[in-house]
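>
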Amino acid sequence: MNTEKNKYQSRRDFVRIAGKIIVAMPLVIIPALLVKKTNVKGYVWQIDPHKCTQCGQCKTNCVLTPSASKCMHAFRMCGYCDLCGGYLRQGAKTISTGAENQLCPTGAITRKFVEEPYFEYTINRDLCDGCAKCVKGCGDFGNGSLHMQIQQDICVNCNDCSIARTCPSNAISRIPASIAYLPKDK
Amino acid sequence: MKKALPYIIFILLLGWHLAIFAQDRFPRPEFETGHVYPTNQYASPRAPVWEYIDVAVLIGSLIVTTWLALKKRSRRGLIWMSVFSLAYFGFYREGCICAVGSVQNVSLALFNTGYSIPLSALLFFTIPLLFSLAYGRVFCAGVCPLGAIQELSGIKPVKIPKYVELFLAFVPFIYLALAILFASTKSQFLICRYDPFVGIFRLDAPYTMVIFGALLLLAGIFVNRPYCRFLCPYGVLLNIFSRFAGKHLTITPAECTNCRLCEHACPYDAILPSDTVQSKEEPTKSRKRFLLYFLFVPVFAVAGAFLLYNLAPSLSAVNSTVRLAREIKTEQKTGIESDLKTVAAYKESGKTEAELFAEEESVIKRFQSGAPWAGIFLGISFGIGMISLSIKTKRSEYKPHQGKCYSCGRCFKYCPIKVKV
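As given, the protein sequences belong to chains A and B, one line each in that order.
The first sequence begins at 20 in my numbering and counts up by one.
The second sequence begins at 40 in my numbering and counts up by one.
1) Determine, for A:C90, whether the minimum Cβ-Cβ distance to residues of chain B falls below 7 Å.
2) So what does DSSP say about B:R241, is it helix, strand or coil?
3) To the nearest angstrom, report how far apart B:T149 and A:S88 are at their CA atoms.
4) Of all the beta strand (DSSP E) runs that stay within the bounds of the stretch 37-119 of chain A, which reach a length of 3 or more residues?
5) Assuming B:Q407 is part of the beta strand (DSSP E), what are its boundary residues?
6) Is it right to say B:I194 is buried, meaning 16 or more other beta carbons lie within 10 angstroms of its own, or is it exposed?
7) Beta-carbon within less than 6 Å of B:K443's beta-carbon, same chain only, minus the 5 sequence neighbours each way: which residues are those?
8) Pairing CB atoms from the stretch 444-459 of chain B with CB atoms from the stretch 343-355 of chain B, are three or more of them under 8 Å?
9) Which residues in chain A sit within 8 Å of B:K380, going by Cβ to Cβ distance?
10) For A:H166, which residues does DSSP report across the bridge?
11) Does the stretch 229-247 of chain B come close enough to the stretch 183-199 of chain B that 3 or more CB-CB pairs lie under 8 Å?
12) Tell whether a beta-carbon distance below 7 Å holds between A:Q168 and A:A199.
13) Spell out whether any CB of chain A is found under 7 Å from the CB atom of B:A58.
14) Mind checking B:F206: buried by the 16 CB within 10 Å criterion, or exposed?
15) Apply the 10 Å Cβ neighbour rule to A:F132 and answer buried if 16 or more other Cβ atoms are within range, or exposed otherwise.
16) Is DSSP giving B:Y453 helix, strand or coil here?
17) Any idea which residues DSSP pairs A:T129 with across the strands?
18) Measuring alpha carbon to alpha carbon, tell me which of B:Y453, B:P68 and B:C135 ends up nearest B:C301.
19) Tell me whether the beta-carbon of A:D179 lies closer than 7 Å to the beta-carbon of B:F228.
20) Examine chain A for any beta-carbon lying closer than 7 Å to the beta-carbon of B:Q189, and answer yes or no.
21) Since I believe B:C179 is in contact with B:L277 (beta carbons under 8 Å), could you give me their beta-carbon distance rounded to a whole number of angstroms?
22) Could you check if B:I403 is buried or exposed, using at least 16 other CB atoms within 10 Å of its CB as the buried criterion?
23) Buried or exposed for A:E139, please, with buried defined as at least 16 other CB atoms from any protein chain shown within 10 angstroms of its CB.
24) When the distance is taken between beta carbons, is B:T104 closer than 7 Å to B:G12?
25) Take B:A208 as the anchor and find which of B:K324, B:Y273, B:V382 and B:P167 has the nearest alpha-carbon.
26) Got a sec: is the Cβ-Cβ distance from B:S155 to anything in chain A below 7 Å?
27) I think A:I142 touches A:H92, with their Cβ atoms under 8 Å apart; what is that distance to the nearest whole Å?
28) I believe B:A344 touches B:G409 by the beta-carbon criterion, under 8 Å. Please report the beta-carbon distance rounded to the nearest angstrom.
29) Would you grab the beta carbon distance between A:Y99 and B:P68 for me? Rounded to a whole angstrom, and I think it's under 8 Å.
30) Beta-carbon within less than 6 Å of B:V361's beta-carbon, same chain only, minus the 5 sequence neighbours each way: which residues are those?
31) What's the gap between the Cα of A:T57 and the Cα of B:P235?
32) Taking the DSSP output, what are the residues bridged to A:K193?
33) Do the stretch 73-84 of chain B and the stretch 151-163 of chain A touch if we need at least three Cβ pairs shorter than 8 Å?
34) Tell me, please, whether the CB atom of B:Y445 is closer than 7 Å to any CB atom in chain A?
35) Please state the DSSP three-state secondary structure of A:Q28.
36) Between the alpha carbons of B:P322 and B:L330, how many angstroms are there, rounded?
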């Protein structure tokens, strides 16, 4: 009786140890397979401004409110126009800083006179909510110097970026954290 | 530097692209007043060092939890550990990075050439599994923020019927299989998308996410840990690994006296009773039944593979390329122009229909090659589940079911045997 019990006991032990080895194998194999494909510095999400269609979903689809995706200005591409398609609402009666003339719903763009006939437009990042209306206006009527970029200090770097998932032009992808931005003027 | 080279070339190419296609409607002004162009401030992302601090915290809290569950046997300690994990991994790190989601990063990296997995994600995937193989599901007990928030809110445990429990316990397997399939075909990260508590951790999310999380928490007051038991895909892996754990939490600190006081202690139905009544069935009969069920496993596997292979084209609809291609096809068929933003973006991009349809075809092919494996996995797990229902083991003590036990320590106080440490 005693030996019988021992036999069962050892058989069970054998199954347990064999199972342990089999189960442990993927834990060795997977890291071994991935050892060449690991990235120590990590990834961040970023918008390729050349693919962006300014659909406005960055504003609504980010898990954060306001969105981590905001407008940036490539000053070296800007025409410094007086009649700015990114600053002024279409059909604005006068070219002025009046709130009724501004395209930006949050008034995040400041217009500053530089010299005749040039005006400089800067974006207040804290006010920008990422609606991309100005980016569309600038792309349609100007040089396309306004563009969307994900602000890496605000972005929580979700494993599955919820803007990327719904981005109609697949403009958002993972890029190495060492690059972090894909600005238009670099 | 060498690694960054392709990206530098890529950016240079982008610049070149820009030089050709830039919409230079208005030339760059030459300022007479000597105005200089302002420079943009590029706020840098969180330093990668922090991710390794997260890994260190993970290892540290796993060690502490193991000690609390196996050695110190302190339910209170485990609760404090849950509070810490909830605060750190949940509210401070805002639920990202988590081991549950890392399954997808691993499968994406395994089956795709373009993506390299962040080292921290790989570590978050393997370390809890290693601990599970050594000491049981201590990760669930006090380290996982999703488990912690449910552990802390599960105040009034109610037992649910065994057949409901068994039936629902199969859902995580399906969830895991689909999540791996979707991640490895580069379609989407299912687990992250339906992460119930991330909205609560961030105090900011789409309302659907918050409602889902709140409902789970409310249900969790009575049916403890609903996400862990009936949804968590990483729990499936932990469950499998924990079954072979070398050491595991025990209900009693010494020898079990079969007092039956702990019988109803576990809200997860994870306590295996000792058989005081001998089964009257003949051993040969049960052996035959075991063999019969064993032969059914390959049948289930083949059935699963067949089923999922045929489901693959419909499943591939989670992929955005496939959805776009199908939208274009319906547009052609009906002649009604689609008002989807994706369709507008596609038309602007200048990609030809042939290219798009070829892409769709290749995605469906990938689904068809991956789906049978998911089916085999599901079939085998179903078969093994059936077998384990039929096996009767002789036990002379009350002990936790190593797969199901979350090492939460609720049963400690029910055991009358006290040992001074």
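Built from N, CA and C at the ideal position, the CB exists for glycine as well.
The structure says:
1) Not closer than 7 Å to any Cβ of chain B, the Cβ of A:C90 fails to qualify, so no.
2) Here B:R241 sits in helix by DSSP.
3) Reading the sequence as shown, one finds Leu at residue 149 of chain B and not Thr. Rounded to the nearest angstrom, the two C-alpha atoms are 30 Å apart.
4) Within the stretch 37-119 of chain A, the complete beta strand (DSSP E) segments at least 3 residues long are 62-66 and 88-92, listed from N- to C-terminus.
5) Not the beta strand (DSSP E): B:Q407 falls in the alpha helix (DSSP H), residues E392 to S429.
6) With a 10 Å radius around the Cβ and a threshold of 16 neighbouring Cβ atoms, B:I194 comes out exposed.
7) The answer, listed in chain order, is Y307 and A309.
8) Contact fails: fewer than three Cβ-Cβ distances are below 8 Å.
9) B:K380 reaches chain A at T72, C74, Q76 and P187, counting residues in chain order whose Cβ is nearer than 8 Å.
10) Looking at the DSSP assignment, A:H166 forms a beta bridge with A:M91.
11) Result yes; three or more Cβ-Cβ pairs closer than 8 Å.
12) No, these two residues do not count as a Cβ contact at 7 Å.
13) Legend: pLDDT at B:A58 = 45, less than 50; position of this residue unreliable, value from coordinates given subsequently. False, the Cβ-Cβ gap to chain A never drops below 7 Å.
14) By the 10 Å Cβ count, B:F206 comes out exposed.
15) Label assigned to A:F132: exposed.
16) In the structure shown, the three-state DSSP call for B:Y453 is helix.
17) When beta bridges are read from the DSSP output, A:T129 appears opposite A:T141.
18) Considering only B:Y453, B:P68 and B:C135, the residue with the shortest C-alpha distance to B:C301 is B:Y453.
19) Contact annotation: A:D179 and B:F228 have beta-carbon atoms nearer than 7 Å.
20) No, no contact with chain A.
21) At roughly 6 Å, the Cβ-Cβ gap stays under 8 Å, so B:L277 and B:C179 are in contact.
22) Around the beta-carbon of B:I403, 16 or more other beta-carbon atoms lie within 10 Å, marking it buried.
23) Looking at its Cβ environment, which holds 16 or more other Cβ atoms inside 10 Å, A:E139 is buried.
24) Outside the modelled stretch of chain B, which goes from 40 to 460, sits residue 12 of chain B, for which no answer is possible.
25) For B:A208, the nearest C-alpha among the options comes from B:Y273.
26) Between B:S155 and chain A, the shortest Cβ-Cβ separation is below 7 Å.
27) Taking 8 Å as the upper bound for CB-CB distance, A:I142 and A:H92 are in contact here, some 6 Å apart.
28) Contact between B:A344 and B:G409 does not hold, since the beta-carbon distance rounds to 11 Å and is not under 8 Å.
29) That belief holds up - the Cβ atoms of A:Y99 and B:P68 are roughly 5 Å apart, short of 8 Å.
30) The beta carbon of B:V361 sits closer than 6 Å to those of S355, E399 and V402, all from its chain and outside the five residues before and after it, given in chain order.
31) Answer to the nearest angstrom: the Cα atoms are 28 Å apart.
32) A quick correction: the sequence has Arg, not Lys, at residue 193 of chain A. According to DSSP, which records beta bridges pairwise, A:R193 is partnered with A:W64.
33) By the Cβ test, the stretch 73-84 of chain B is not in contact with the stretch 151-163 of chain A, since fewer than three Cβ pairs between them sit closer than 8 Å.
34) It does not; no Cβ of chain A falls within 7 Å.
35) A:Q28 carries a helical assignment under DSSP once its states are collapsed to helix, strand and coil.
36) Looking at the two C-alpha atoms, the distance is approximately 12 Å.
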